Structures are given as C-alpha cells and as structure tokens.
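One structure below.
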Amino acid sequence: MMEKPFFVVDGIDGCGKSSQSILLAKALIEKNIDTIQVRDPGGTSISEDIRSVILNPKHELMSSKTELYLYTASRVQMIEEILKPARKLGKVIVSDRYISSTIAYQSFGGEMPLEFVENVIENSVNDFMPTHTFIIDLPLELAQTRLDIILDRMELKDIDFKKRVREGFLYQAKKENTTLLDGSKSIEEVHLKIMEIVNESI
0 MMEKPFFVVD GIDGCGKSSQ SILLAKALIE KNIDTIQVRD PGGTSISEDI RSVILNPKHE
60 LMSSKTELYL YTASRVQMIE EILKPARKLG KVIVSDRYIS STIAYQSFGG EMPLEFVENV
120 IENSVNDFMP THTFIIDLPL ELAQTRLDII LDRMELKDID FKKRVREGFL YQAKKENTTL
180 LDGSKSIEEV HLKIMEIVNE SI
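As structure tokens, this is what we get:
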C-alpha cells in the first residue's frame with residue numbers, strides 16, 4: 000500500500016499555524032479522507048508531559064541543548080505511539096510543527112550548530128519525514144499581537160531570539176517540498192493556498 004501524505008504546518012509563534020493545521024485536517028476529513036491531526040510536541044501522554052516541562056516559564060535556565068533533546072524525546076514518542084500506527088492504517092497525517100521548528104528554534108534561535116541539530120533529528124526520526132511542509136511567515140510585530148495574553152517560555156524569548164527563529168524558517172522555506180505562505184493574509188486565503196497544494200498530493 001502506498002504511503003499517504005504527511006503534511007506539516009509550521010512557522011513563528013503567532014503565525015496562525017495551529018489554526019491552519021486544524022483547518023487542513025478538517026477539510027480532508029470532510030472529503031472522506033482518513034486523517035489524523037497532531038501537534039509537536041504533544042499528542043501522547045508522555046509527549047504532553049514533556050511539552051509542559053519545556054514551555055513552563057519557571058524553567059528559564061533551560062539550555063538550547065536541553066530543549067533539543069526534550070523536543071526530540073517527545074517527537075520520538077509521538078512517532079512510535081501515534082504516527083507509525085496511523086501510517087500503517089493508511090491515514091493522512093497533519094502535524095502542527097515538526098522538525099522544521101527544531102531547526103528554527105534550537106539551531107537558529109538557540110545558536111546551536113546546524114549540522115549537530117540536523118544529525119540529532121536524522122538519528123531520531125529516521126525516515127519519518129514530511130511529504131510537504133508549509134511555513135507561514137509574517138512580520139514579528141504582527142505575530143506578537145496575535146499571541147495569547149499568557150505566554151509560554153518560548154514565547155517570552157527576547158526579540159533577537161525571535162528574529163533568528165524567523166530567519167531559520169525562511170532558510171528552510173527554500174528547501175524542496177516546502178512552501179512559504181504569507182501569514183498576513185486572511186485565514187481563508189492561507190487555507191485555500193494550502194489546499195491547492197494538498198489537493199495535488201491526495
């Protein structure tokens with residue numbers, strides 16, 4: 000059986016990626032396409048516990064390397080517990096964040112060597128790579144206005160960190176099977192653009 004597509008929606012905090020990943024999964028389900036939607040980190044009991052540790056503002060001394068390994072541990076658990084079984088069942092996978100976030104936040108934002116971060120990713124996800132990644136971009140000033148009143152630890156990072164993270168996403172947007180989307184457009188416009196590309200893969 001041919002593997003079904005694995006779509007990732009990613010981008011800086013406040014870009015609208017979570018809304019778009021939910022809309023994408025909903026649109027596919029409405030087409031009677033068996034689909035599962037997850038978030039990274041998260042999705043399993045273990046992964047959600049790790050997520051809580053990573054994002055807790057009281058852990059302000061957490062290093063980028065610690066973040067890297069915690070995110071990786073959460074992702075591996077999600078792959079083993081949810082994504083691999085979903086793939087075997089022939090489900091389309093939609094993920095809110097994935098390895099593109101690790102490169103943007105821990106390598107570019109946290110200033111860890113890109114090759115080191117990529118090696119950790121490669122050795123953990125193995126061949127569980129996205130079919131297509133959508134990166135939603137918009138100016139940081141606009142993204143900040145969209146964040147919740149109560150911010151998590153990553154959202155509380157300084158502006159220089161966030162600028163580097165955005166650069167990390169823009170760097171990855173040039174890769175094969177990756178589409179850069181204008182997050183300043185309306186939710187409907189961004190969704191339609193995503194669906195144009197997704198419909199070619201289904």
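Those letters in the sequence shown? Residues 0 to 201, per numbering that gives the first Met the number 0, in order. Glycine included, every Cβ here is placed at the ideal spot set by N, Cα and C. Remember, predicted model here, so these are calculated numbers, not experimental data.
Does residue i pass the burial test, meaning 16 or more other C-beta atoms within 10 Å, or should it be called exposed?
i: P138; result: exposed
i: T144; result: exposed
i: K83; result: exposed
i: K16; result: buried
i: G89; result: exposed
i: S46; result: buried
i: S73; result: buried
i: K87; result: exposed
i: I78; result: buried
From the DSSP output, which residues share a beta bridge with residue i?
i: I102; result: I102 pairs with nothing; no bridge assigned.
What first and last residue would you give for the alpha helix (DSSP H) that runs through residue i?
i: L169; result: I158 to Q171
i: L179; result: No alpha helix (DSSP H) holds L179; the beta strand (DSSP E) holding it covers T177 to D181.
i: H190; result: I186 to S200
i: D48; result: S44 to L54
Our contact map puts residue i next to residue j with C-beta atoms below 8 Å; I'd like the distance itself, whole angstroms only.
i: E32; j: I92; result: Going by the sequence as given, residue 32 is Ile instead of Glu. Their Cβ separation, rounded to whole angstroms, is 11 Å, which puts I32 and I92 out of contact at 8 Å.
i: T43; j: L67; result: Going by Cβ atoms, the distance from T43 to L67 rounds to 19 Å, so no, they are not a contact pair.
i: I135; j: G41; result: So it is not a contact: roughly 19 Å between Cβ atoms.
i: N176; j: H131; result: 5 Å
i: D159; j: L54; result: Not really, about 20 Å apart at Cβ, beyond 8 Å.
i: S94; j: V37; result: 5 Å
Inset, instruction - Taking only runs that begin and end inside the segment 4-36, name each unbroken alpha helix (DSSP H) of 4 or more residues, in chain order. - result: Entirely contained in the segment 4-36, the alpha helix (DSSP H) runs reaching 4 residues are, in chain order, 16-29.
Legend entry - Minimum length 3: unbroken beta strand (DSSP E) runs contained in the segment 75-162: The qualifying runs are 91-95 and 131-136.
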